[in-house]
Every structure is written in structure tokens, then in C-alpha cells.
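Take a look at the structure set out below.
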Amino acid sequence: PLIDLAKTHTSPSIERSVLLRMGFSSIEAKAIADRCAEKGLLGKGAGHAVWKVAQDHKIPIRTAGLELAEGKHWDNLIFGK
């Protein structure tokens, strides 16, 4: 039930807050959250997107987030596999 609630009750500001707690600066967090919103993935969670890229590419979380902020990996980001 909580996951379903999170999918429909999040916002760019909530996702930026998560990213800030993951160690990203406010500028980095804004870039990641904005791109996540553009791709329609806010319901999956911006932090989840960063974690997924880090796991899929075997790179540090910080590197994954910075690369997402630059626009990399979004086309290959698949959830549920």
C-alpha cells in the first residue's frame, strides 16, 4: 500500500529532498529530479532511478546521479527487471 501511495503522491520537491539526503547538492538534485519528471518517472522515485543506474552499470551512486543529471542513461533506464 505504501508503494502505491508513493507512486501517486510525490513531487519534484519531495524527490529533490530524497536526493539531498543521498548526498547530492541542491543544483544536482534539481537536475536529476527535473529530468525524472520529464521522463514521467517521478512515481518510481528519483533516488530509485539513481540507485538502479548505479546497480545496472556497477558504478558509485554519486557517479550515477551526476550522469543522470547530465542526461545519460535515461533511455536505458528500465524498472521491474
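In terms of the working numbering, the sequence shown opens at residue 5 and continues consecutively.
Built from N, CA and C at the ideal position, the CB exists for glycine as well.
Same chain, Cβ closer than 6 Å to A41, five either side skipped, listed in chain order
P16
Residue interval of the alpha helix (DSSP H) (run including T67)
I65 to A73
What would DSSP say about H13, mapped onto helix, strand or coil?
coil
Straight-line gap, K48 to S21 (C-alpha atoms, nearest Å):
15 Å
At which residues does the alpha helix (DSSP H) containing K56 begin and terminate?
A50 to H61
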